[in-house]
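Chemist:
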Amino acid sequence: MYVLVVNAGSSSLKYQLMDTAAEKVLAKGVCERIGIDGHIAHKNEVGDKFERDIPMPNHSVAIQIVVDTLTDAEIGCIKDMSEIEAVGHRAAHGGNYFSDNVYIEGDVMDRFELCREIAPLHTGPHIMGIQGCTAVMPNVPQVIVFDTVFHKTMPDYAYMYAIPYEMYEKYSIRRYGFHGTSHCYVANEAAKVLGKPIEETKIITCHIGNGSSITAVKGGKCIDTSMGFTPLAGLEMGTRCGDIDPAVVTYIMNKEGYTADEMSNFLNKKCGLLGVSGISSDMREIEAGVQEGNEKAALACNILAYGIKKYIGSYTAAMNGVDAIVFTAGIGENNAAMRERVCKDMEFYGIDFDKEANDAGATEISKPGSKTKVYVIPTNEELMIARETEKIVSARK
Numbered sequence: 440m441y442v443l444v445v446n447a448g449s450s451s452l453k454y455q456l457m458d459t460a461a462e463k464v465l466a467k468g469v470c471e472r473i474g475i476d477g478h479i480a481h482k483n484e485v486g487d488k489f490e491r492d493i494p495m496p497n498h499s500v501a502i503q504i505v506v507d508t509l510t511d512a513e514i515g516c517i518k519d520m521s522e523i524e525a526v527g528h529r530a531a532h533g534g535n536y537f538s539d540n541v542y543i544e545g546d547v548m549d550r551f552e553l554c555r556e557i558a559p560l561h562t563g564p565h566i567m568g569i570q571g572c573t574a575v576m577p578n579v580p581q582v583i584v585f586d587t588v589f590h591k592t593m594p595d596y597a598y599m600y601a602i603p604y605e606m607y608e609k610y611s612i613r614r615y616g617f618h619g620t621s622h623c624y625v626a627n628e629a630a631k632v633l634g635k636p637i638e639e640t641k642i643i644t645c646h647i648g649n650g651s652s653i654t655a656v657k658g659g660k661c662i663d664t665s666m667g668f669t670p671l672a673g674l675e676m677g678t679r680c681g682d683i684d685p686a687v688v689t690y691i692m693n694k695e696g697y698t699a700d701e702m703s704n705f706l707n708k709k710c711g712l713l714g715v716s717g718i719s720s721d722m723r724e725i726e727a728g729v730q731e732g733n734e735k736a737a738l739a740c741n742i743l744a745y746g747i748k749k750y751i752g753s754y755t756a757a758m759n760g761v762d763a764i765v766f767t768a769g770i771g772e773n774n775a776a777m778r779e780r781v782c783k784d785m786e787f788y789g790i791d792f793d794k795e796a797n798d799a800g801a802t803e804i805s806k807p808g809s810k811t812k813v814y815v816i817p818t819n820e821e822l823m824i825a826r827e828t829e830k831i832v833s834a835r836k
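Here the sequence shown is numbered in the numbering used here, starting from 440 and rising by one per residue.
1) Considering only residues of the region 767-835, which uninterrupted alpha helix (DSSP H) runs meet the minimum length of 4 residues and lie entirely inside it, listed in chain order?
2) Per the DSSP calculation, residue 532 is bridged to which residue(s)?
3) Below 7 Å CB to CB, which residues in the same chain sit around residue 489 once its five sequence neighbours on both sides are set aside?
4) With a threshold of 8 Å between beta carbons, is residue 592 in contact with chain B?
5) Output the distance between the C-alpha atoms of residue 510 and residue 549, rounded to the nearest integer angstrom.
6) Check whether the region 622-630 touches the region 719-731, counting contact only when three or more Cβ pairs, one atom from each stretch, lie closer than 8 Å.
7) To the nearest angstrom, how far is the alpha carbon of residue 463 from that of residue 656?
8) Going by the CB atoms, is the gap between residue 589 and residue 622 shorter than 8 Å?
9) Taking the continuous beta strand (DSSP E) assigned at residue 663, which residues delimit it?
10) In terms of residue numbering, what span does the alpha helix (DSSP H) encompassing residue 708 cover?
11) Between the Cα of residue 791 and the Cα atoms of 773, 772, 811, which residue gives the shortest distance?
12) For the 8 Å Cβ check, are there 3 or more pairs between the region 526-536 and the region 817-835?
13) Just to confirm my understanding: we take residue 716, look at its own chain, exclude 5 residues before and 5 after, and list those with CB closer than 7 Å. What are they?
14) Secondary structure at residue 506, three-state DSSP: helix, strand or coil?
15) Would residue 534 and residue 611 be called neighbours here (beta carbons separated by less than 8 Å)?
16) So, do the region 791-809 and the region 658-670 have three or more beta carbon pairs nearer to each other than 8 Å?
17) Is residue 661 closer than 8 Å to residue 766 when the C-beta atoms are compared?
18) Say whether the region 691-710 touches the region 755-769, bearing in mind that this needs 3 or more beta-carbon pairs closer than 8 Å, one atom from each stretch.
19) Counting only runs of 4+ residues fully inside the region 590-618, write out the alpha helix (DSSP H) ranges in chain order.
20) Pick helix, strand or coil for residue 727, following the three-state DSSP scheme.
21) Kindly confirm or deny that the region 671-686 and the region 646-654 touch, where touching means at least three C-beta pairs closer than 8 Å.
22) Please determine if the region 600-619 and the region 567-574 are in contact, where contact requires at least 3 C-beta pairs separated by less than 8 Å.
23) I'd like the list of long-range same chain contacts for residue 505, defined as Cβ closer than 6 Å, with 5 residues on each side in sequence excluded.
24) So what does DSSP say about residue 549, is it helix, strand or coil?
25) Would you kindly check if the distance between the Cβ of residue 829 and the Cβ of residue 440 is under 8 Å?
26) Thinking C-beta only, is residue 565 closer than 8 Å to residue 447?
27) Excluding five sequence neighbours on each side, which residues of the same chain lie with their C-beta closer than 8 Å to the C-beta of residue 624?
28) What does the alpha-carbon distance come out to for the pair residue 690 and residue 538?
29) For residue 742, tell me which candidate among 597, 677, 832 has the shortest Cα-Cα distance.
30) Just to confirm the assignment, what range does the alpha helix (DSSP H) spanning residue 734 have?
31) For residue 695 and residue 519, what's the separation of their Cα atoms in angstroms?
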């Protein structure tokens with residue numbers, strides 16, 4: 440099945456056309472500056488690149504440009520739009536309204552609209568992406584794949600907060616977790632490398648990027664994860680603070696005179712690696728600062744590494760052991776120094792770290808005799824979305 444995978448942002452739209460039978464990418468790209476002026480960067484299967492500026496007043500126009508590019512005689516990969524058999528949309532938050540990925544029909548969009556309140560930065564753009572596809576491809580089946588669905592197996596004591604239960608009943612305030620498609624994918628890939636059925640494994644997956652989360656996967660199911668009601672919780676991230684004492688929020692609001700919205704913007708966009716280092720939210724620039732002797736850059740790195748260590752320790756306890764630890768996403772896959780910071784002095788957890796393999800970018804960065812294996816596995820969220828879309832659409836035929 441040819442599935443168009445769409446990840447829509449407020450002014451951007453990432454896409455991949457995937458052949459699920461061969462599990463390969465036929466083409467991919469990104470539309471940027473939607474609603475401002477417009478730019479598309481497209482790459483075909485053999486790696487040829489194409490870029491141009493073109494007006495994109497809204498997501499519908501952006502989708503039309505994507506279809507036109509995919510069907511272009513010179514740079515495209517399909518003859519016409521009819522070859523696109525389904526569209527899979529990545530969605531960050533399904534709230535309590537969706538416990539499974541869904542075929543778009545009936546009241547699905549009305550329920551998805553309710554998620555806007557708890558994830559306004561993500562849900563609004565996702566809806567615009569769906570509306571754009573509906574306008575351009577009205578007869579093509581569409582599926583929403585939620586980041587939160589993989590985490591639905593958490594027990595209540597892991598997802599509930601210690602607030603009055605009526606707050607959960609009234610407002611569905613609980614831990615949801617995110618990056619679910621990534622955690623699911625790399626956990627399954629790690630089980631293959633281990634040579635064990637995933638039902639018999641205990642794996643800790645570390646999705647470390649501009650946004651970061653860690654998940655305890657026992658028997659192929661999530662039992663706990665670091666992100667919470669929103670993607671703000673857990674580890675220090677590019678510009679997000681991660682876990683802090685809630686009293687810090689009201690204290691800063693009173694001192695700085697911030698409104699609730701201003702405080703939310705502060706916590707989401709001005710903290711994390713950027714806030715601590717004072718350099719950037721980009722780990723490459725921060726690591727360069729470390730090499731230059733910048734103490735704040737080093738502190739930012741150490742806060743993140745220490746946070747990852749603590750989650751590995753707590754999730755090992757929660758699962759009564761661990762078979763493998765997996766690093767993935769931008770920092771997890773590409774930053775050897777961060778992986779070394781995390782794995783150093785972890786012998787108690789059965790980790791015999793292999794520095795040479797780590798520096799060389801190997802898949803396994805633990806030594807052959809290591810009781811706990813450590814892997815670097817590139818994530819593939821788009822493939823997971825395409826697989827899930829095919830499964831849901833095929834089941835309706």
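Beta carbons: idealized from backbone N, C-alpha and C, even for Gly. These numbers were taken from a predicted model, which means no experiment stands behind them.
Modeler: Based on what the coordinates show:
1) Segments of the alpha helix (DSSP H) lying fully in the region 767-835: 768-773, 775-782, 794-799, 820-833.
2) For this step, residue 532 is matched to residue 93 along the sequence shown. Looking at the DSSP output, residue 532 sits in no beta bridge, so it has no partner there.
3) Within the sequence shown, the letter at position 50 stands for residue 489. So the qualifying residues of the chain are 481, 514.
4) No chain B appears in the structure shown, which is made up of a single protein chain.
5) Counted from its first residue, the sequence shown places residue 510 at position 71. Counted from its first residue, the sequence shown places residue 549 at position 110. Here the alpha carbon of residue 510 sits roughly 32 Å from the alpha carbon of residue 549.
6) Cβ pair count under 8 Å is below three, so no.
7) The residue you call residue 463 lines up with position 24 of the sequence shown. The residue you call residue 656 lines up with position 217 of the sequence shown. Per the coordinates, the alpha-carbon of residue 463 lies some 27 Å from the alpha-carbon of residue 656.
8) Here residue 622 corresponds to residue number 183 of the sequence shown, with the count starting at 1. Here residue 589 corresponds to residue number 150 of the sequence shown, with the count starting at 1. With contacts defined as CB atoms closer than 8 Å, residue 622 and residue 589 qualify as a contacting pair.
9) Position 224 of the sequence shown holds residue 663. DSSP places residue 663 in the uninterrupted beta strand (DSSP E) bounded by 660-664.
10) By 1-based counting over the sequence shown, the position of residue 708 is 269. From DSSP, the alpha helix (DSSP H) with residue 708 extends over 699-708.
11) Counted from its first residue, the sequence shown places residue 791 at position 352. The option with the nearest alpha carbon to residue 791 is 811.
12) In this structure the region 526-536 touches the region 817-835; the number of beta carbon pairs closer than 8 Å is three or more.
13) Looking up residue 716 in the sequence shown gives position 277. Cβ neighbours of residue 716 within its own chain (closer than 7 Å, five residues either side excluded): 725, 728, 735, 736, 739.
14) Start at 1 with the first residue of the sequence shown, and residue 506 comes out as number 67. Note: residue 506 maps to helix in three-state DSSP.
15) Numbered from 1 along the sequence shown, position 95 holds the residue referred to as residue 534. Numbered from 1 along the sequence shown, position 172 holds the residue referred to as residue 611. At a Cβ-Cβ threshold of 8 Å, residue 534 and residue 611 count as neighbours.
16) Flag = no, the region 791-809 and the region 658-670 do not touch.
17) The count along the sequence shown starts at 1 and reaches residue 766 at position 327. The count along the sequence shown starts at 1 and reaches residue 661 at position 222. No.
18) Fewer than three beta-carbon pairs drawn from the region 691-710 and the region 755-769 are found closer than 8 Å, and the two stretches are therefore not classed as touching.
19) You should have 595-598, 604-610.
20) In the sequence shown, counting from the first residue as 1, residue 727 sits at position 288. DSSP, reduced to helix, strand and coil, places residue 727 within a helical segment of the structure shown.
21) The region 671-686 is in contact with the region 646-654.
22) Contact between the region 600-619 and the region 567-574 is absent, because fewer than three Cβ pairs lie under 8 Å.
23) Here residue 505 corresponds to residue number 66 of the sequence shown, with the count starting at 1. For residue 505, where only same-chain residues beyond five positions count, the Cβ hits under 6 Å are 454.
24) As a working note, residue 549 is residue 110 in the sequence shown. In the three-state scheme derived from DSSP, where H, G and I count as helix and E and B as strand, residue 549 is classed as helix.
25) Along the sequence shown, one-based indexing puts residue 440 at 1. Along the sequence shown, one-based indexing puts residue 829 at 390. Yes, these two residues count as a Cβ contact at 8 Å.
26) For the purposes of this step, residue 447 is identified with residue 8 of the sequence shown, where counting begins at 1. For the purposes of this step, residue 565 is identified with residue 126 of the sequence shown, where counting begins at 1. Result yes, Cβ atoms of residue 447 and residue 565 sit closer than 8 Å.
27) For the purposes of this step, residue 624 is taken as the residue at position 185 of the sequence shown. Here the set comprises 818, 819, 820, 822, 823.
28) Residue numbering aside, residue 690 sits at position 251 when the sequence shown is read from its first letter. Residue numbering aside, residue 538 sits at position 99 when the sequence shown is read from its first letter. Near 36 Å, if we compare the C-alpha coordinates of residue 538 and residue 690.
29) Taking the sequence shown and counting its residues from 1, the one referred to as residue 742 is at position 303. Just measuring C-alpha positions, the residue of 597, 677, 832 sitting nearest residue 742 is 677.
30) Within the sequence shown, the letter at position 295 stands for residue 734. Its alpha helix (DSSP H) spans residues 734-758.
31) Counted from its first residue, the sequence shown places residue 695 at position 256. Counted from its first residue, the sequence shown places residue 519 at position 80. Taking the straight line from one Cα to the other gives about 56 Å.
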